[in-house]
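Notes for the one structure printed next.
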Amino acid sequence: MEDRSAKYRAFYAQLICAAARATDHRIEEAFRTVRREPFVGPGPWSISLGGHPYVVTPDDDPAFLYQNTLLALDSARGLNIGMPGAHAYWLSGCAVKEGETVIQIGAGSGYYTAILAHLAGPGGRVHAYEIDERLAGLARENLKDVPHVDVRDRSGIASDLPKADVIYVCAGAAQPATEWLDALLPGGRLVFPLAPEGMLGGMLMITRPDNGAIWPAKFLGRAQFIGCAGLQNEDAARRLADAFAKGWEGVQSLRRDGVPDETCWFAGEGWWLSTAAAPVVTDSIRPHADITQA
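With the working numbering as the guide, the letters of the sequence shown map in order to residues 14 to 307.
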């Protein structure tokens, strides 16, 4: 069975990285190397294309796992291992480097934690936060043989977060948590779904400059996730829906002070997104609007 799984993984990794336009060979290598079987549990499995009903696989053939689909961890609650093509694209955008420190918010059973650990390498570190105790326990067991990963069964919105080069969030929010912004090292990247629960929003990448209150920001594409506890806001959700309906590709910076001006795309409490560029320009990555589901 392992030989079949390896064959499926090799094709799956090549296929999703082609769809994601990922140019870093390490991303394909990570998806080819990390087995999905431990993270989803014994089959049959419930699978969805996102936005569609789950379909139960006829048996436990691992071929069903190596598709560009959502894999249910808890179908009643809509908890999934997210769409790999979308994550491959977002990971390409934030460009995790070997030796970097990564925080993951919303680890689930640990599949994308393992992908992040592969990208950071043994010289790096991955701190994974999962507020659901059952899922955190599964992630801890699944990742017990990866020494540079630690799993914490608590909220990832906390003042004691370690400093990090990358913060990768797998739960939708109406705003970036101040704690995430404060934990970023200069040059660090925060990638999170600006997408309150139940809403199709966008995967936003924010880069911390060496100094100043104007941070480079851009959407990597549309995204929808289960909601991040503590970062939901019904009024913000309504206003964000209006903002996305008017376009989102032009966002270029996050402003943490000043009064929103005519370049404002969306304003939150103490922060706003602008279509004006930040003083420091980041590497270009084209938004990919048709990769949506987490």
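Here a beta-carbon is modelled for each residue, glycine too, at the ideal position from N, C-alpha and C.
All values derive from a computational prediction rather than experimental measurement.
Handout entry: Secondary structure of Leu-174, DSSP reduced to three states
Key = coil
Handout entry: Backbone CA spacing between Asn-246 and Trp-284 [nearest angstrom]
Key = 15 Å
Handout entry: Thr-305, DSSP secondary structure in three states
Key = Caution is warranted here: a pLDDT of 48 is assigned to Thr-305, below 50, making its placement in the model unreliable, and the coordinate value is therefore given only provisionally. Coil, per DSSP.
Exercise for the section: Let me know the beta strand (DSSP E) ranges lying completely inside the region 29 to 113, each 3 residues or longer, listed in chain order. Expected result: Complete beta strand (DSSP E) runs here, min 3: 59 to 61, 83 to 87 and 92 to 94.
Practice task
Taking only the alpha-carbon atoms, compute the straight-line gap between Leu-62 and Gly-98 and give it to the nearest angstrom.
Solution key: Between Leu-62 and Gly-98, the C-alpha separation is close to 11 Å.
Exercise for the section: Starting from His-140, follow its DSSP beta bridges and name the residues at the other end. Expected result: Partner(s): Ile-116 and Asp-163.
Problem - Residues near Pro-51 in its chain [Cβ-Cβ closer than 6 Å; skip 5 each side] - result: Asn-155
Practice task
Can you have a look at Gln-306 and say buried or exposed, based on whether 16 or more other CB atoms are within 10 angstroms of its CB?
Solution key: Reliability fails at Gln-306, whose pLDDT of 48 lies under 50, so the model's placement of it is uncertain and no value is given.
Problem - Which listed residue (Val-264, Gly-214, Leu-197 and Leu-104) has its alpha carbon closest to that of Pro-229 - result: Val-264
Exercise for the section: Pull up the distance between the alpha-carbon of Val-53 and that of Ala-23, whole angstroms please. Expected result: 19 Å
Problem - Cross-strand partners of Lys-231 (DSSP beta bridge) - result: Met-218
Exercise for the section: Would you kindly work out how many angstroms separate the C-alpha atoms of Pro-66 and Ile-239, rounded to a whole number? Expected result: Straight-line Cα distance between these residues: approximately 16 Å.
Exercise for the section: Flag this pair as yes or no: are the beta carbons of Gly-11 and Ile-118 separated by less than 8 Å? Expected result: Because the chain is modelled from 14 through 307, residue 11 falls outside the range shown and cannot be assessed.
Problem - CB contact flag (Arg-252, Phe-279, <8 Å) - result: yes
Exercise for the section: Go ahead and label Pro-75 buried or exposed: buried means 16 or more other beta carbons lie within 10 angstroms of its beta carbon, across all protein chains shown. Expected result: buried
Exercise for the section: Please go through the same chain and pick out, in chain order, the residues whose beta-carbon is closer than 7 Å to the beta-carbon of Arg-153, but skip the five residues on each side of it. Expected result: Val-164
Practice task
Can you have a look at Gly-106 and say buried or exposed, based on whether 16 or more other CB atoms are within 10 angstroms of its CB?
Solution key: buried
Practice task
Can you give me the Cβ contacts of Arg-48 inside the same chain, cut-off strictly under 8 Å, excluding the 5 residues immediately before and after it?
Solution key: Ser-18 and Arg-22
Handout entry: DSSP-derived helix/strand/coil call for Leu-197
Key = strand
Handout entry: Classification of Asp-223 by the beta-carbon crowding that lies within 10 angstroms, buried from 16 upward
Key = exposed
Problem - Close Cβ partners of Val-109 (< 7 Å) along its chain, the five nearest in sequence each way excluded - result: Val-115, Leu-129, Leu-132, Ala-133 and Val-179
Problem - Same chain, Cβ closer than 8 Å to Pro-55, neighbours up to 5 away in sequence not counted - result: Asp-73
Problem - Local Cβ density within 10 Å of Gln-27, reported as buried at 16 or more and exposed below that - result: Burial check for Gln-27: the Cβ neighbour count within 10 Å stays below 16, so the residue is exposed.
Handout entry: Straight-line Cα distance separating Ala-290 from Ala-85
Key = 39 Å
Exercise for the section: Identify the continuous beta strand (DSSP E) that holds Leu-267 and give its terminal residues. Expected result: 266 to 268
Exercise for the section: Would you check if the distance between the CB atom of Ala-190 and the CB atom of Leu-267 is smaller than 8 Å? Expected result: No.
Practice task
Kindly say whether Tyr-67, judged by its beta-carbon, lies nearer than 8 Å to any beta-carbon of chain C.
Solution key: Although the question refers to chain C, the structure presented lacks it and comprises just one protein chain.
Handout entry: Phe-279: first and last residue of the uninterrupted alpha helix (DSSP H) it sits in
Key = Segment 277 to 281 is the beta strand (DSSP E) holding Phe-279; no alpha helix (DSSP H) there.
Practice task
Could you work out which residue in Asp-195, Tyr-142 and Gly-234 is closest to Ile-124 when comparing CA atoms only?
Solution key: For clarity, residue 124 is Tyr in the given sequence; the question names Ile instead. For Tyr-124, the nearest C-alpha among the options comes from Tyr-142.
Exercise for the section: Can you tell me which of the three DSSP states Gln-27 falls into? Expected result: The answer is helix: DSSP assigns Gln-27 an H, G or I state.
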